[in-house]
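Enquirer: Residue numbers (full-length UniProt numbering): 1 to 113. C-beta atoms are modelled at their ideal positions from N, C-alpha and C, and glycine is treated no differently. Shown below is the structure under consideration.
Structure follows, in structure tokens:
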């Protein structure tokens, strides 16, 4: 169903502080509020760089994270789905979100339930 093409660039919390120009506590709040999705990689909490645009969390991401959570996805499962090519979208969902295909991505996400 999914195919992985390239390893995304990952940002640690200190890197996010710099990229977003906010405090460490604000970065943690963005993750807690589901404006960003983070997973532990090698024991370190990280966020894909693709989730950031123009120095801010990708606005389309939050609702999609909620849809996936409502479908019963864990954060790890949601991350996997967002970063890997989905056959019905033809690209990774994060790439479709970045291309302005929010409604289509969320329809596909809702159908996963």
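Three or more C-beta pairs under 8 Å: does that hold for the region 63-72 against the region 17-24?
Expert: The region 63-72 is not in contact with the region 17-24.
Enquirer: Three-state secondary structure (DSSP) at residue 98?
Expert: On the chain shown, residue 98 is found 98 positions in, with the first residue counted as 1. In this structure, residue 98 counts as helix in the three-state DSSP scheme.
Enquirer: Go ahead and pull the three-state DSSP assignment for residue 93.
Expert: Against the chain shown, residue 93 aligns to sequence position 93. Here residue 93 sits in helix by DSSP.
Enquirer: Excluding five sequence neighbours on each side, which residues of the same chain lie with their C-beta closer than 8 Å to the C-beta of residue 104?
Expert: Taking the chain shown and counting its residues from 1, one reaches residue 104 at position 104. Excluding residues within five positions, the ones whose Cβ falls inside 8 Å are 89 and 96.
Enquirer: Tell me which residue opens and which closes the beta strand (DSSP E) that residue 11 is part of.
Expert: One-based indexing of the chain shown puts residue 11 at position 11. 10-12 is the extent of the beta strand (DSSP E) around residue 11.
Enquirer: Quick check: residue 164 and residue 52, are their CB atoms within less than 8 Å of each other?
Expert: Residue 164 lies beyond the range of the chain shown here (1 to 113); nothing can be said about it.
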